[in-house]
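Going by my numbering, the final residue of the sequence shown carries number 400, and the count climbs one at a time with no gaps. Report on one structure; see the data block that follows.
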Amino acid sequence: MRIVIFCHPSFPGSQSMPRYARWLASGMQARGHEVESWQPKPFFYTLSVPGAFKKWLGYIDQYIVFPIQVRQRINGLPKQTLFVFADHALGPWVPLVADRPHVVHCHDFLAQRSALGEIPENQTGWTGKLYQAYIRRGYRKGRNFISVSNKTQGDLHGFLKASPSFSEVIYNGVNPNYTPGQAAESRSVLSARFGIDLSSGYLVHVGGNQWYKNRKGVLEMYDAWRKAYSRPMPLLMIGEEPTPELAAFANASAFQNDIHFLTGVDDQHVVHAYRGAQVFLFPSLAEGFGWPIAEALACGCRVLTTSEAPMTEVAGTAAALLRRRPLDELDSQLWADEGAVRIQQILNESAEKRREWINEGLMNVKRFTIETATDQIEDAYKTILGAYHFAGQTHSLV
Numbered sequence: 003m004r005i006v007i008f009c010h011p012s013f014p015g016s017q018s019m020p021r022y023a024r025w026l027a028s029g030m031q032a033r034g035h036e037v038e039s040w041q042p043k044p045f046f047y048t049l050s051v052p053g054a055f056k057k058w059l060g061y062i063d064q065y066i067v068f069p070i071q072v073r074q075r076i077n078g079l080p081k082q083t084l085f086v087f088a089d090h091a092l093g094p095w096v097p098l099v100a101d102r103p104h105v106v107h108c109h110d111f112l113a114q115r116s117a118l119g120e121i122p123e124n125q126t127g128w129t130g131k132l133y134q135a136y137i138r139r140g141y142r143k144g145r146n147f148i149s150v151s152n153k154t155q156g157d158l159h160g161f162l163k164a165s166p167s168f169s170e171v172i173y174n175g176v177n178p179n180y181t182p183g184q185a186a187e188s189r190s191v192l193s194a195r196f197g198i199d200l201s202s203g204y205l206v207h208v209g210g211n212q213w214y215k216n217r218k219g220v221l222e223m224y225d226a227w228r229k230a231y232s233r234p235m236p237l238l239m240i241g242e243e244p245t246p247e248l249a250a251f252a253n254a255s256a257f258q259n260d261i262h263f264l265t266g267v268d269d270q271h272v273v274h275a276y277r278g279a280q281v282f283l284f285p286s287l288a289e290g291f292g293w294p295i296a297e298a299l300a301c302g303c304r305v306l307t308t309s310e311a312p313m314t315e316v317a318g319t320a321a322a323l324l325r326r327r328p329l330d331e332l333d334s335q336l337w338a339d340e341g342a343v344r345i346q347q348i349l350n351e352s353a354e355k356r357r358e359w360i361n362e363g364l365m366n367v368k369r370f371t372i373e374t375a376t377d378q379i380e381d382a383y384k385t386i387l388g389a390y391h392f393a394g395q396t397h398s399l400v
């Protein structure tokens with residue numbers, strides 16, 4: 003196959019989606035396919051203007067300049083070329099190739115749902131609503147879609163105006179470096195790396211500051227657990243620098259000396275963090291897939307997550323569950339107390355019971371291998387391309 007992958011531009015600083023696009027490209031190239039990656043280049047974005055205008059100059063590069071370049075480039079490509087959109091958020095470009103073989107990868111519709119007022123925790127301004135509507139008009143022109151979870155696929159179908167020609171769920175694959183190991187060894191490695199005594203174990207959270215990651219909820223739950231149970235176990239918050247709100251909450255906690263925000267942690271140390279943890283706390287409000295759940299389970303870590311899709315879809319029956327954190331402040335305190343009970347229940351498990359949970363998790367994550375995901379995506383691409391009729395056949399796309 004000849005494949006062109008549309009990617010997010012690198013200049014706004016996005017990391018996860020460009021990484022996913024690179025994985026798609028390398029996976030298809032390894033299987034012998036001819037792959038190109040197309041993305042906007044910064045031109046107007048490089049102009050020296052106040053920071054508030056940078057985003058808008060980037061939009062000019064993405065939605066005015068880049069489409070002109072695409073129209074020029076596609077004329078020289080064979081009709082059998084498959085155009086792949088690495089993310090449905092690239093929807094404004096979908097109409098450019100809507101009459102040619104194409105597929106749109108869908109990760110999560112949180113921004114789309116927020117713009118429609120469906121998620122009260124994430125209010126969207128009027129410009130954001132217009133932007134999300136612009137994206138939606140674009141991907142609705144698509145005919146073929148791949149979603150990372152049943153939850154994401156359900157959201158997609160709710161937004162489409164007509165049934166797609168092709169819609170399939172293909173789960174993400176977990177990096178094979180995420181494997182079980184010796185907890186004591188991992189704790190020793192992390193203690194040396196970060197200068198924290200972790201020899202008796204710790205709780206861990208891995209995630210960014212996005213609203214849906216619920217990092218404040220993690221701190222609330224930890225605070226409630228420490229108040230209710232006399233077990234001085236540290237909490238590692240691995241990810242971005244804390245927001246002012248998170249830092250203020252941690253500093254006001256009676257257990258602030260045991261709350262550690264760790265940034266710039268490489269993948270191998272994240273693996274050690276999962277291996278050495280007593281519990282991985284992941285009470286997300288929403289996700290598209292919930293990658294860290296699968297990573298933690300693959301490392302033999304006990305997981306406490308939210309009892310809603312797609313967290314339950316990824317965790318299966320291998321994780322402890324907690325209801326979604328409510329908006330009401332009084333109820334949210336009750337939620338934190340409930341989380342504290344769940345944490346203590348996990349910590350009180352017998353060695354035999356813990357091994358049973360861990361083994362169930364290891365069996366569960368066999369669904370999420372990179373090899374399987376790549377094979378399924380390749381098969382989907384072939385199916386989509388095979389459904390089109392080219393010049394000399396019954397129908398032509400010319």
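All C-beta atoms in this analysis are idealised placements derived from N, C-alpha and C, irrespective of residue type, glycine included.
Mapping DSSP to helix, strand and coil, what is Asn177?
-> The residue given as residue 177 occupies position 175 in the sequence shown. DSSP places Asn177 in coil when its eight states are reduced to three.
Beta-carbon spacing of Val86, Val67 below 7 angstroms | On the sequence shown, position 84 is the one that residue 86 refers to. On the sequence shown, position 65 is the one that residue 67 refers to. Result no, Cβ atoms of Val86 and Val67 do not sit closer than 7 angstroms.
Rounded to a whole number of angstroms, what is the C-alpha to C-alpha distance between Thr385 and Pro285?
-> The residue labelled residue 385 in the question sits at position 383 within the sequence shown. The residue labelled residue 285 in the question sits at position 283 within the sequence shown. Each residue's Cα considered, the two are about 37 angstroms apart.
Span of the alpha helix (DSSP H) around Glu315 = Position 313 of the sequence shown, counted from the start, is the residue given in the question as residue 315. It spans Met313 to Ala317 - the alpha helix (DSSP H) in which Glu315 sits, taken as one unbroken run.
Cβ contact (3+ pairs, closer than 8 angstroms) linking the region 203-219 and the region 270-279 = yes
Whole-number beta carbon distance between Ala275 and Val176, since they are thought to touch under 8 angstroms = Numbered from its first residue, the sequence shown carries residue 176 at position 174. Numbered from its first residue, the sequence shown carries residue 275 at position 273. Contact doesn't hold; Cβ gap of about 15 angstroms is too wide.
Kindly indicate the opening and closing residues of the beta strand (DSSP E) around Asn146.
-> Along the sequence shown, one-based indexing puts residue 146 at 144. Taken as a continuous stretch (DSSP letters only), the beta strand (DSSP E) holding Asn146 covers Asn146 to Ser149.
Using the C-alpha atoms, what's the distance from Pro42 back to Val400?
-> For the purposes of this step, residue 400 is taken as residue 398 along the sequence shown, with counting starting at 1. For the purposes of this step, residue 42 is taken as residue 40 along the sequence shown, with counting starting at 1. Reliability fails at Val400, whose pLDDT of 28 lies under 50, so the model's placement of it is uncertain and the value that follows must be treated cautiously. For Val400 and Pro42, the distance between alpha carbons rounds to 26 angstroms.
contact_flag[the region 105-116, the region 133-151] where n(CB pairs < 8 angstroms) is 3 or more = yes
Beta-bridge partners of His107, as assigned by DSSP | Within the sequence shown, numbered from 1, the residue matching residue 107 stands at position 105. Answer by DSSP bridge pairing, in chain order: Ile148.
Residues bridged to Ser39 (per DSSP) = In the sequence shown, residue 39 corresponds to position 37, counting from 1. Ile7.
Jot down the residue ranges of each uninterrupted beta strand (DSSP E) in the region 210-269, minimum 3 residues, whole runs only, in chain order.
-> Within the region 210-269, the runs of beta strand (DSSP E) at least 3 residues long that lie entirely inside it are, in chain order, 237-241 and 261-264.
Would you say Val273 and Asn211 are within 7 angstroms of each other, going by their C-beta atoms?
-> Position 271 of the sequence shown, counted from the first residue, corresponds to residue 273. Position 209 of the sequence shown, counted from the first residue, corresponds to residue 211. No; because the gap between Cβ atoms is not below 7 angstroms, this pair is not in contact.
With a CB to CB cut of under 7 angstroms and the five nearest residues on each side skipped, what residues in its chain are close to Met19?
-> Position 17 of the sequence shown, counting from 1, holds the residue named residue 19. Once the five neighbours on either side are set aside, the close Cβ partners of Met19 are His10, Ala88 and Asp89.
Give the straight-line distance between the Cα atoms of Arg326 and Thr126, rounded to the nearest whole angstrom.
-> If you number the sequence shown from 1, residue 326 lands on position 324. If you number the sequence shown from 1, residue 126 lands on position 124. The straight-line gap from Cα to Cα measures roughly 21 angstroms.
Ala296: which of Leu364, Leu192 and Glu340 sits nearest, CA to CA?
-> The residue given as residue 296 occupies position 294 in the sequence shown. Checked all of Leu364, Leu192 and Glu340; the closest Cα to Ala296 is Leu364.
Of the residues His391, Gly388 and Asp377, which one's Cα is nearest the Cα of Ile172?
-> Taking the sequence shown and counting its residues from 1, the one referred to as residue 172 is at position 170. Considering only alpha carbons, the answer is Asp377.
Which of the three DSSP states, helix, strand or coil, is assigned to Ser169?
-> Residue numbering aside, residue 169 sits at position 167 when the sequence shown is read from its first letter. Ser169 falls in the strand class under three-state DSSP.
Whole-angstrom distance between Ile360 and Leu349, CA atom to CA atom | Looking up residue 349 in the sequence shown gives position 347. Looking up residue 360 in the sequence shown gives position 358. Spanning the two alpha carbons is a distance of roughly 13 angstroms.
Enclosing alpha helix (DSSP H) for Val191 [first to last residue] | Taking the first residue of the sequence shown as 1, we reach residue 191 at position 189. Here the alpha helix (DSSP H) through Val191 covers Ala185 to Phe196.
C-alpha distance - Ile372 paired with Ser28, whole-angstrom precision | The residue you call residue 372 lines up with position 370 of the sequence shown. The residue you call residue 28 lines up with position 26 of the sequence shown. Distance between the alpha carbons of Ile372 and Ser28: 12 angstroms.
CB-CB under 6 angstroms to Ala115, same chain, minus the five flanking residues each way: which ones, in chain order?
-> Translated into the one-based positions of the sequence shown, residue 115 becomes position 113. The question names Ala, but residue 115 in the sequence shown is Arg. The beta carbon of Arg115 sits closer than 6 angstroms to those of Ile121, all from its chain and outside the five residues before and after it, given in chain order.
Look up Ala100 in the DSSP assignment and say whether it is helix, strand or coil.
-> The count along the sequence shown starts at 1 and reaches residue 100 at position 98. Under the three-state reduction of DSSP output, Ala100 falls in the coil class, being neither helix nor strand.
Cβ neighbours of Gln31 in the same chain (closer than 6 angstroms, five flanking residues each side left out) | Position 29 of the sequence shown, counted from the start, is the residue given in the question as residue 31. So the list reads Val37, once near-sequence residues are dropped.
Does the count of Cβ pairs from the region 229-249 and the region 350-357 closer than 8 angstroms reach three?
-> no
Cβ neighbour criterion (16 or more within 10 Å) applied to Ala321 | If you number the sequence shown from 1, residue 321 lands on position 319. Of the residues assessed, Ala321 falls on the buried side of the cut-off, its CB having 16 or more other CB atoms within 10 angstroms.
For Gly103, which option in Val6, Pro328, Leu26 and Lys57 has the closest C-alpha, if you only look at C-alpha atoms?
-> The residue labelled residue 103 in the question sits at position 101 within the sequence shown. One point to set straight first is that residue 103 is Pro, not Gly, in the sequence displayed. If we check each option's Cα against that of Pro103, Val6 comes out closest.
Cβ-Cβ separation, Leu98 to Arg73 (assumed contact under 8 angstroms), whole Å | Position 71 of the sequence shown, counted from the start, is the residue given in the question as residue 73. Position 96 of the sequence shown, counted from the start, is the residue given in the question as residue 98. Rounded, the Cβ-Cβ distance is 7 angstroms, consistent with contact.
DSSP three-state call for Phe45: helix, strand or coil?
-> Walking along the sequence shown from the start, residue 45 turns up at place 43. In this structure, Phe45 counts as coil in the three-state DSSP scheme.
Sorted by chain position, which residues of the same chain lie with C-beta nearer than 6 angstroms to Trp227's C-beta, five sequence neighbours on each side aside?
-> Translated into the one-based positions of the sequence shown, residue 227 becomes position 225. Ala342 and Ile345.
Please name the residue in Glu247, Gln270 and Asp225 whose C-alpha comes closest to that of Ser188.
-> The count along the sequence shown starts at 1 and reaches residue 188 at position 186. It is Gln270.
Out of Gly130, Ser12, Lys229 and Ala375, point me to the one whose CA is closest to Phe257's CA.
-> Start at 1 with the first residue of the sequence shown, and residue 257 comes out as number 255. Answer by Cα proximity: Lys229.
Hey, quick one: how far does the alpha helix (DSSP H) through Phe68 stretch, first residue to last?
-> The sequence position of residue 68 within the sequence shown is 66, counting from 1. Start and end: Phe68 to Ile76.
Using the C-alpha atoms, what's the distance from Leu283 back to Trp25?
-> Position 23 of the sequence shown holds residue 25. Position 281 of the sequence shown holds residue 283. Their Cα atoms are separated by approximately 27 angstroms.
What first and last residue would you give for the beta strand (DSSP E) that runs through Phe85?
-> Position 83 of the sequence shown, counted from the start, is the residue given in the question as residue 85. Start and end: Leu84 to Phe87.
What do you reckon, are the CB atoms on Leu287 and Asn366 nearer than 7 angstroms?
-> Along the sequence shown, read from residue 1 onward, the residue named residue 287 stands at position 285. Along the sequence shown, read from residue 1 onward, the residue named residue 366 stands at position 364. No, the pair does not count as a contact, with Cβ atoms beyond the cut-off.
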